[in-house]
Amino acid sequence: MKGRILSIFIFGIMSIVVYAQSGSSRLFGVVKDAKTNESLIGAYVLLENTGFVGVSDENGSFLINNIPAGEYSLKVSYIGYDDKVLELQLSQGESLELNLELAYSGVALGAVEVTAQAKGQISAINDQ
């Protein structure tokens, strides 16, 4: 009887170990400004040519789950900052933490000119 219970226990433990090793990978981490070290809210974290995407929260944290093992190109982008691209190799069941820093690009938009034209009677009065 003890041998049977021990066999069931060992089988259960082995099943858990095999299941844990067959799990998918995940990426998590933080996206920050390289100069100020401030969190970047809403940074886009993408495994290129896949459907795996994450967006950083109010703390700059992101999480992408259920990624199959393999080689990936990770692209991180944020408005006003230079994109960052990293090549990654994920093993089966791996949890990879990335602390990413983006450099401010300093690109400014051109001037905007706003014009308007009055209509109707007011326009006619103004033209006199």
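When the letters of the sequence shown are read in order and numbered with this note's numbering, they come out as residues 1 to 128.
The beta carbon of each residue, even a glycine, is placed where N, CA and C say it ideally should be.
Sequence-distant residues of the same chain with beta carbon closer than 6 Å to residue i, five excluded per side
| i | result |
| --- | --- |
| E71 | Q89 |
| V45 | G54, F62, V76 |
| L27 | I64, L96 |
| D82 | A103, S105 |
| G60 | V30, V31, K32, S39, L40 |
Bounding residues of the beta strand (DSSP E) (the contiguous stretch that carries residue i)
| i | result |
| --- | --- |
| F52 | No beta strand (DSSP E) holds F52; DSSP gives it neither H nor E. |
| Q92 | No beta strand (DSSP E) contains Q92, which DSSP labels as neither H nor E. |
| S61 | 61 to 67 |
| V76 | 70 to 77 |
| L40 | Run containing L40: none; DSSP gives neither H nor E here. |
| D83 | D83 -> no beta strand (DSSP E), and no H or E assigned at all. |
| K32 | 25 to 33 |
Backbone CA spacing between residue i and residue j [nearest angstrom]
| i | j | result |
| --- | --- | --- |
| L86 | N66 | 19 Å |
| G51 | V114 | 40 Å |
| G80 | L40 | 11 Å |
| E58 | A69 | 29 Å |
| N49 | N126 | 59 Å |
| S56 | S24 | 21 Å |
| N37 | Q92 | 32 Å |
| L47 | K35 | 25 Å |
Residue closest to residue i, alpha-carbon to alpha-carbon, out of the options
| i | options | result |
| --- | --- | --- |
| Y104 | A43, S95, L27, G29 | A43 |
| K84 | E48, N126, L74, V112 | L74 |
| L102 | S25, S24, G23, V31 | V31 |
Three-state secondary structure (DSSP) of residue i
| i | result |
| --- | --- |
| N99 | strand |
| A111 | coil |
Other residues of its chain near residue i: CB distance less than 7 Å, five sequence neighbours each side excluded
| i | result |
| --- | --- |
| Q21 | Low confidence applies to Q21: its pLDDT is 49, below 50, so where it sits in the model is not reliable, and the reading given next is rough at best. The residues are Q92, G93. |
| N99 | G29, V30 |
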